[in-house]
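Using our numbering, you'd call the opening residue of the sequence shown number 6 and step up by one each time.
Glycine is no exception: its CB is placed at the ideal position from the N, C-alpha and C atoms.
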Amino acid sequence: MMIVLFFSQKNSFFSYICNKLSVMKYQTVRILLAVSLLTIAQAIWAQEVKEDVKEEEKTNQLTVDVNLMSRGEARDGGFPITTEQKVEDHSAFISNRVRLLVGYESNNLAVKVTAQHSGVWGAEGGGKFNVYEAWAHLKANNGLFARIGRQELVYDDERILGNNDWAMAALYHDALKVGYENHGHKLHAVVAYNQNSKNVNGGTFYQNGSQIYKTMQTVWYHYDVPKLPLSASLLFMNIGMQSGTEEEYATNFQQLIGGYVNYKPGNLTLEAAYYHQMGKASLDYTTTGTLPINAWMAAGKASYQFNKQLTAYAGYDYLSGDKEFVVPKQGTIGLTKHSKMSAFTTTFGSTHKFYGAMDFFYVSAYFGTFSPGLQNIFGGATYKPVKGLSLDASYHYLATSTALNELSKTLGHEIELRASYQLMKDARISLGFSYMKGTDTMEELKRSSENKKLQWGWLMLNVSPRVFYSKW
Numbered sequence: 006m007m008i009v010l011f012f013s014q015k016n017s018f019f020s021y022i023c024n025k026l027s028v029m030k031y032q033t034v035r036i037l038l039a040v041s042l043l044t045i046a047q048a049i050w051a052q053e054v055k056e057d058v059k060e061e062e063k064t065n066q067l068t069v070d071v072n073l074m075s076r077g078e079a080r081d082g083g084f085p086i087t088t089e090q091k092v093e094d095h096s097a098f099i100s101n102r103v104r105l106l107v108g109y110e111s112n113n114l115a116v117k118v119t120a121q122h123s124g125v126w127g128a129e130g131g132g133k134f135n136v137y138e139a140w141a142h143l144k145a146n147n148g149l150f151a152r153i154g155r156q157e158l159v160y161d162d163e164r165i166l167g168n169n170d171w172a173m174a175a176l177y178h179d180a181l182k183v184g185y186e187n188h189g190h191k192l193h194a195v196v197a198y199n200q201n202s203k204n205v206n207g208g209t210f211y212q213n214g215s216q217i218y219k220t221m222q223t224v225w226y227h228y229d230v231p232k233l234p235l236s237a238s239l240l241f242m243n244i245g246m247q248s249g250t251e252e253e254y255a256t257n258f259q260q261l262i263g264g265y266v267n268y269k270p271g272n273l274t275l276e277a278a279y280y281h282q283m284g285k286a287s288l289d290y291t292t293t294g295t296l297p298i299n300a301w302m303a304a305g306k307a308s309y310q311f312n313k314q315l316t317a318y319a320g321y322d323y324l325s326g327d328k329e330f331v332v333p334k335q336g337t338i339g340l341t342k343h344s345k346m347s348a349f350t351t352t353f354g355s356t357h358k359f360y361g362a363m364d365f366f367y368v369s370a371y372f373g374t375f376s377p378g379l380q381n382i383f384g385g386a387t388y389k390p391v392k393g394l395s396l397d398a399s400y401h402y403l404a405t406s407t408a409l410n411e412l413s414k415t416l417g418h419e420i421e422l423r424a425s426y427q428l429m430k431d432a433r434i435s436l437g438f439s440y441m442k443g444t445d446t447m448e449e450l451k452r453s454s455e456n457k458k459l460q461w462g463w464l465m466l467n468v469s470p471r472v473f474y475s476k477w
């Protein structure tokens, strides 16, 4: 009975306890809710700080790379020998190139400096040391950019403008490049002006400097067609070349205009190029006399990838030559009056990629000042049997583009074999062998009776590690 009275009373002890527990429950809930909100806010803030740190880390980047390229070569024939040289027409040597590349990048700024040493093992003077690259690149968010300083100019297939990386010294230009790249469009404008020294007076005669030209203006436009495996480029160049002496000199301007097309439907790749040269050229570097230029070249190449391992290719190059080209017999003197220059020149291209790997043409000169041009019909295949290994075999039929007096156009037949293997991430080894069966025409052009059977072999190691990398 007393138990019943205890529970039935309004102000009983049990009601008091229940009320206290209820109040504590609500206070606890409020406390837990407040703690939870603080925890979530802290987590969000920490995440934002973390993301800010990540973004900040990506704004600055510093890299240091090293490039070591060593190549041993054995040559038997192929280069002209004058009558004064009483030596055998073969040689063996090792050439070497070392580069130290330092680069910095931020959101809208990039800077690169490359120091380079190149030479032949044991050569007097110890080779050549120079700054290969030293440029600053500034860009805007809308696709506009500017790059100033010593830099490579590499465009399209490098036939006209390339770095010619096979040569140890390679090619560079001291220039200002401005451009726009966005929505598949690329437009570059390049200007260069060269001088031997900072003269207070004495004119602006330029000769025997780091470049063969005094001034250069170049415009390049490239377009990638949307939804099609097609791209096309247009190129215009205006080059000012000086000749004469400091007392009397002239600047002659020659122009180049042309284009390059690349089409890749499926496993097939089609390439085509055409360029025309015009303007005026110096008769030689010591006089101010000139001849008009009217020269051109055309090239086409087709490649087909059968599978991941095998690719076959074939093509044709035609470079115009001087129609008045004359090859006097050895021991005689020949004189010819030229009314114009019709020979196409490939001054700034990566010539080793084209016209035969033995570099007989457009690297080593023909006899005399003028050129009979070149035709190059080639075909070959590349096979990659395992990862990192590439094998290539090709054939070249080489001939002049203009007719020669009492000589055939055919220069010879060249066979090339190449292999390349990736030893490790930063090291690749390559080797090659080329053989050319020359003709009487080749013998006369190169002024050597040894130029009918020509052999050349090489072995090269290219090591390019990144030795330092930092972001902050």
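Using CA atoms only, rank isn't needed, just tell me which of the options is closest to residue i.
{"i": "Y321", "options": "D327, Q314, A307 and K328", "result": "A307"}
{"i": "Y323", "options": "F366, A362, E252 and D289", "result": "F366"}
{"i": "D431", "options": "T352, L73 and F210", "result": "L73"}
{"i": "N478", "options": "A180, K191 and R102", "result": "One cannot answer for residue 478 here, as it falls past the ends of the chain, which runs 6 to 477."}
{"i": "L273", "options": "L106, A319, K392 and G124", "result": "A319"}
{"i": "Q247", "options": "T256, F241 and D170", "result": "T256"}
{"i": "S395", "options": "I420, A408, S406 and Y426", "result": "Y426"}
{"i": "Y280", "options": "A300, G294, E186 and T119", "result": "A300"}
{"i": "N201", "options": "E186, H193 and Y218", "result": "Y218"}
{"i": "D179", "options": "Y160, L149, Q216 and Y185", "result": "Q216"}
{"i": "W463", "options": "T291, Q66, N101 and G378", "result": "N101"}
{"i": "F210", "options": "G249, L422 and L181", "result": "G249"}
{"i": "T291", "options": "E253, D70 and F98", "result": "E253"}
{"i": "Y268", "options": "N243, P231 and F241", "result": "P231"}
{"i": "M447", "options": "R423, V472 and L409", "result": "L409"}
{"i": "Y309", "options": "A174, M173 and P270", "result": "P270"}
{"i": "G132", "options": "A139, E138 and S123", "result": "S123"}
{"i": "Q260", "options": "L143, D70, A286 and A172", "result": "A286"}
{"i": "T350", "options": "A237, Y402 and P377", "result": "P377"}
State buried or exposed for residue i, treating a residue as buried only when at least 16 other CB atoms are found within 10 Å of its CB.
{"i": "T88", "result": "At T88 the pLDDT is 49, less than 50, meaning the model places this residue with poor confidence and gives no usable figure here."}
{"i": "V195", "result": "buried"}
{"i": "A128", "result": "exposed"}
{"i": "G130", "result": "exposed"}
{"i": "F134", "result": "exposed"}
{"i": "L416", "result": "buried"}
{"i": "Y400", "result": "exposed"}
{"i": "S96", "result": "exposed"}
{"i": "E251", "result": "exposed"}
{"i": "G263", "result": "buried"}
{"i": "N169", "result": "buried"}
{"i": "K480", "result": "In the structure as shown, the chain starts at 6 and stops at 477, and residue 480 therefore has no counterpart that could be examined."}
Could you check what DSSP says for residue i in three-state terms: helix, strand or coil?
{"i": "L464", "result": "strand"}
{"i": "L379", "result": "strand"}
{"i": "T292", "result": "coil"}
{"i": "H190", "result": "strand"}
{"i": "E78", "result": "strand"}
{"i": "L26", "result": "In this prediction, L26 scores a pLDDT of 47, lower than 50, which makes its location untrustworthy; the coordinate-derived value is nonetheless stated afterwards. Three-state result, L26: helix."}
{"i": "T337", "result": "Residue placement at T337 is poorly supported in this model, since its pLDDT is 47, which falls under 50; the coordinates still yield a value, given next. Correct three-state label for T337: coil."}
{"i": "E110", "result": "strand"}
{"i": "L166", "result": "coil"}
{"i": "K133", "result": "strand"}
{"i": "H343", "result": "coil"}
{"i": "L233", "result": "coil"}
{"i": "T316", "result": "strand"}
{"i": "L324", "result": "strand"}
{"i": "N65", "result": "coil"}
{"i": "L176", "result": "coil"}
Excluding sequence positions up to five away, which residues of its chain have a Cβ less than 8 Å from the Cβ of residue i?
{"i": "H343", "result": "L296, D327, E329 and F375"}
{"i": "F311", "result": "N272 and A317"}
{"i": "G245", "result": "Y218, K219, T220, M221, T256, N257 and F258"}
{"i": "N112", "result": "T64"}
{"i": "F98", "result": "G77, E78, V125 and W126"}
Let me check one thing: in DSSP terms, what residues is residue i bridge-paired to?
{"i": "K442", "result": "H418 and K458"}
{"i": "N243", "result": "Q222 and Q260"}
{"i": "T274", "result": "S308"}
{"i": "E138", "result": "T119"}
{"i": "V394", "result": "One point to set straight first is that residue 394 is Leu, not Val, in the sequence displayed. Looking at the DSSP assignment, L394 forms a beta bridge with Y426."}
{"i": "Q200", "result": "Bridge partners of Q200: none, in fact."}
{"i": "W126", "result": "Bridge partners of W126: none, in fact."}
Can you name, in chain order, every residue of its own chain whose Cβ lies under 6 Å from the Cβ of residue i, other than the five neighbours on each side?
{"i": "I434", "result": "Y426, L428 and L466"}
{"i": "T356", "result": "Y367 and V368"}
{"i": "N508", "result": "Nothing about residue 508 can be read from this structure; the chain reaches only from 6 to 477."}
{"i": "D81", "result": "H95 and Q460"}
{"i": "Y226", "result": "L192 and L239"}
{"i": "F438", "result": "L422 and G462"}
Here's a check: name, in chain order, each residue in its chain whose Cβ is nearer than 7 Å to the Cβ of residue i, leaving out the five neighbours to either side.
{"i": "Y474", "result": "T68"}
{"i": "Q314", "result": "Y388, K389 and P390"}
{"i": "A197", "result": "H178, D179, A180, T220 and M221"}
Do residue i and the ligand HEM come close, with the Cβ less than 7 Å from some heavy atom?
{"i": "I298", "result": "This structure simply doesn't include the ligand HEM, nor any ligand for that matter."}
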